[in-house]
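Below you'll find the structure, written out as structure tokens, and then a few comments.
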Amino acid sequence: MKRVNDILAKITIEHLWIMTVMVAIFAFVNTHPIRPHDFWWHMAIGRDILTSGKIPATDLYSYTMPGAPYPSYTMFWLMEVVLYSVFRFGGAIAVILLQTALITSAYGFIALGSRRVSGSWRAAAFGTLFAAAMGFGNWNVRPQSVTYLYGAFLFWAVMEYRGAKTKRWLWLSPLVMALWVNSHGSFPIGLVILGCWLAQEAWNALRSPQAGWKSAWNALRFPLGILLVSSLACLLNPRGLGIIAYLRTMAGNTAVQNYILEWMPPNFNSLEGVIFYAGFLSLAVLMAVSPRRPDLFQVLTFCIFGALGLKYIRGVVWFGLAMAPWVALHLAELLKQTALISGAPLPMPRRKRLNAAFLLVLFLLAFFSLPWFKHLFPFTPQKTGLISIETPIQATNFLLEQRLPRNVFHDMAFGSYLIWAAQPAYPVFVDSRVELYPMTIWDDYWKLTIADSQWEQLAKQYQIHTLMLEPVKQAKLIAAADESPAWEKVYQDEQAVIFVKR
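Heads up: the sequence shown begins at 367 in this note's numbering, then just goes up one per residue.
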């Protein structure tokens, strides 16, 4: 009991601010269902890797591009194996718990880095909340999730070095980069973080009163060495140097740029876009009016990650992660003398009781957010269950049980689940591996989806005998198939409508 009292005596309102933000992140991710788009096909690859003992090199799952080279398999293989292994061990609950651990840990490192630069847990809470607001739209379960942890760790390690000259965590940078390059193609972001840090150290060395070659070398050899070894660690992947060519190909892929929402710039038609632009402008104003002038590291990260967020929706999460420490720092500088940062504490007995009560509420919120208790709460249909209602589980079961004729035309998101649950019986038309399919196939996909005047000729061209359609996105094709004497509706639920050719 004395130990508990001692702990409660040390907890202040400052700690409760950051605890509240972290519990909110923890609870949000815990209650977020697994969406199909970029999950199930990765699971299928993980299963195939563990079954065959090798990473696939060509397409195994579609009837439109069978046998086509698909180098992207080598970019995700590590997380695909991890996700499948976790799913095989504990099902959807285990996957959600892993996702919660990854996301919460990532924002935990951001909170620690924000506290390091600002000196205030309350300011760190606002910085972390800023990052979470920018990132929550990118918290779906997929290999990309682990990269937020890698990036957040590197940011924190740099903050520790800048604040206390602590080198030990930065020694782990090469290991982090070796893991990153085998988990997801966003690994250059890690090198950008280290490069910005090196630029700041070089600037400091040039401005030092003792500036000279020897002093500059002494100041730069550690960050330069870390960046060099971390860059070399990126070669520890199945493609070696070939990974550079892959990144160039992905960056210029027309289908990815044209058809995938997260590869488009954010706009004011979405909540995420409004939050990004509001946060971007607010941070620019905050840095401009702050008593502390931004240093080169802050300016570089603001410009680079700001540009990433302006160009791609999927870059917004990185802008939030990179900017959280600067939100905390400049907010603390502005409010340092006010009660928002430091104020007279309540009398000890009352403070301990209030803190204990608040901690109990946070604990209960975190505990009951765990997947086992999800059925106790009235979530919206989109949040109900462990697996998103977008996933065509029952329709796929019907497809398999009734042995409906191939080939199947379907919604793109359905393709991911069909790869997982219906192979090899039902190869897919397209799926979330967008860069695998040429623009001609994507053009035909959209012509079919919107029931273009030639849609039945296209169906004949691709030898399509079954339509498995999403009720909202493919409503026009559903209406056209209903009206056509050549098609018969054989199944319908809230997730999918199935037609077969007469």
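All C-beta atoms in this analysis are idealised placements derived from N, C-alpha and C, irrespective of residue type, glycine included.
Looking only at its own chain, which residues have a Cβ that is under 8 Å from the Cβ of residue i, when we skip the five neighbours before and after it?
i       : result
Leu-712 : With a pLDDT of 48 at Leu-712, under the threshold of 50, the modelled position of this residue cannot be trusted, and the question is left open.
Thr-832 : Leu-765, Leu-770, Pro-771, Arg-772, Asn-773, Val-774, Phe-775, Ile-864, Phe-865, Val-866, Lys-867
Ala-571 : Ala-577, Ser-581, Ala-582, Ala-585, Leu-586
Leu-613 : Gly-551, Pro-554
Leu-627 : Ile-679
Looking at the structure shown, is residue i part of a helix, part of a strand, or coil, going by DSSP?
i       : result
Ile-864 : strand
Lys-580 : helix
Ser-428 : strand
Met-805 : helix
Leu-712 : Since pLDDT at Leu-712 reaches only 48, below the 50 mark, its modelled position is unreliable, and the value read off the structure follows with that caveat. In the structure shown, Leu-712 sits in coil (DSSP, three-state: anything other than H, G, I, E or B).
Leu-377 : In the sequence under discussion, the amino acid at residue 377 is Ile, which differs from the Leu named in the question. The answer is coil: DSSP assigns Ile-377 none of H, G, I, E or B.
Ile-626 : coil
Leu-602 : coil
Ile-753 : strand
Gln-858 : strand
Thr-532 : coil
Trp-505 : coil
Thr-832 : strand
Val-524 : helix
Val-683 : helix
His-696 : helix
Ile-421 : coil
Phe-795 : coil
Ile-400 : strand
Thinking C-beta only, is residue j closer than 7 Å to residue i?
i       : j       : result
Ile-816 : Lys-842 : yes
Pro-509 : Ala-599 : no
Pro-604 : Thr-440 : yes
Leu-520 : Gly-556 : yes
Pro-747 : Ile-755 : yes
Val-389 : Gly-501 : no
Ser-480 : Gly-493 : yes
Trp-406 : Tyr-625 : no
Ile-753 : Ala-410 : no
Trp-593 : Leu-560 : Reading off the sequence shown, one finds Leu at residue 593, where the question assumed Trp. Yes, these two residues count as a Cβ contact at 7 Å.
Val-447 : Ile-400 : no
Leu-444 : Ser-549 : yes
Leu-478 : Trp-522 : yes
Tyr-792 : Pro-402 : no
Phe-642 : Gly-675 : yes
Gly-433 : Thr-424 : yes
Phe-668 : Cys-562 : no
When we look at the beta-carbon of residue i and count the other beta-carbons within 10 Å, is it buried (16 or more) or exposed?
i       : result
Gln-623 : exposed
Gln-829 : exposed
Val-727 : exposed
Phe-795 : buried
Gln-760 : exposed
Gln-823 : exposed
Ile-476 : buried
Met-689 : buried
Ser-574 : exposed
Ile-610 : exposed
Val-640 : exposed
Gly-781 : buried
Asn-504 : buried
Lys-677 : exposed
Leu-607 : exposed
Asp-661 : exposed
Contact check, residue i vs residue j under 8 Å by CB: the rounded distance?
i       : j       : result
Ile-632 : Val-483 : Looking at the sequence shown, residue 632 is not Ile but Pro. At roughly 27 Å, the Cβ-Cβ gap does not stay under 8 Å, so Pro-632 and Val-483 are not in contact.
Val-507 : Gln-465 : 5 Å
Ile-391 : Tyr-473 : 5 Å
Leu-697 : Ala-489 : 5 Å
Ile-670 : Val-558 : 6 Å
Arg-680 : Ser-438 : 15 Å between Cβ atoms; not a contact.
Using a Cβ-Cβ cut-off of 7 Å (strictly less than) and excluding sequence neighbours within five positions of residue i, which residues of its own chain qualify?
i       : result
Leu-736 : Asn-396
Trp-487 : Glu-380, His-381, Trp-383, Ile-384, Arg-481
Val-461 : Ile-400, Leu-449, Val-452, Phe-453, Val-507
Ala-847 : Leu-833, Trp-853, Phe-865
Leaving aside the five residues before and after residue i along the sequence, list all residues of the same chain whose C-beta is less than 6 Å from its C-beta, in chain order.
i       : result
Glu-801 : Asn-619, Val-622
Ser-708 : Low confidence applies to Ser-708: its pLDDT is 48, below 50, so where it sits in the model is not reliable, and the reading given next is rough at best. Within the same chain, Ser-708 has no close Cβ partners at all.
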